[in-house]
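J.: Shown below is the structure under consideration.
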Amino acid sequence: MNIEEKVKNILSELSGEEVVVNEATLQGKLALDSLSMVTLLIQIEEEFGIELEESDMNPFELTNVQSVIDMVKKYCGGEENEKE
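Okay, structure coming up:
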């Protein structure tokens with residue numbers, strides 16, 4: 014499973030949306046509240062084995078699904094396939 018699929022799975026679980034598209038807004042379309050945003054960041058750290066810098070934990074910077082995918086790729090060196 015690649016980075017994009019893993020991020021979308023996490024967001025699907027948090028939002029209850031079965032289909033998550035890259036353009037979907039986190040706080041609009043996916044209706045994530047502040048607690049869900051914190052949970053999202055924690056799950057990303059656990060799933061990908063990364064530690065996010067404080068500057069990347071600003072929920073206002075993460076506006077849509079693609080912005081989350083891009084952030085994870087930055088930490089994973091842009092690698093598409095991560096450990097299963």
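Heads up: the sequence shown begins at 14 in the numbering used here, then just goes up one per residue.
Glycine included, every Cβ here is placed at the ideal spot set by N, Cα and C.
Nearest-angstrom Cα distance between Lys19 and Gln56?
T.: Their backbone Cα atoms lie some 10 Å apart in a straight line.
J.: Here's a check: name, in chain order, each residue in its chain whose Cβ is nearer than 8 Å to the Cβ of Val34, leaving out the five neighbours to either side.
T.: Closer than 8 Å at the Cβ level, and outside the excluded window around Val34, lie Val78.
J.: Could you please give the first and the last residue of the uninterrupted alpha helix (DSSP H) stretch that includes Thr76?
T.: Where Thr76 is concerned, there is no enclosing alpha helix (DSSP H), given that its DSSP letter is neither H nor E.
J.: Give the straight-line distance between the Cα atoms of Leu43 and Tyr88, rounded to the nearest whole angstrom.
T.: Cα to Cα, Leu43 sits roughly 24 Å from Tyr88.
J.: Indicate the three-state DSSP secondary structure (helix, strand or coil) for Asn15 in the structure shown.
T.: Reduced to three states, the DSSP call for Asn15 is strand.
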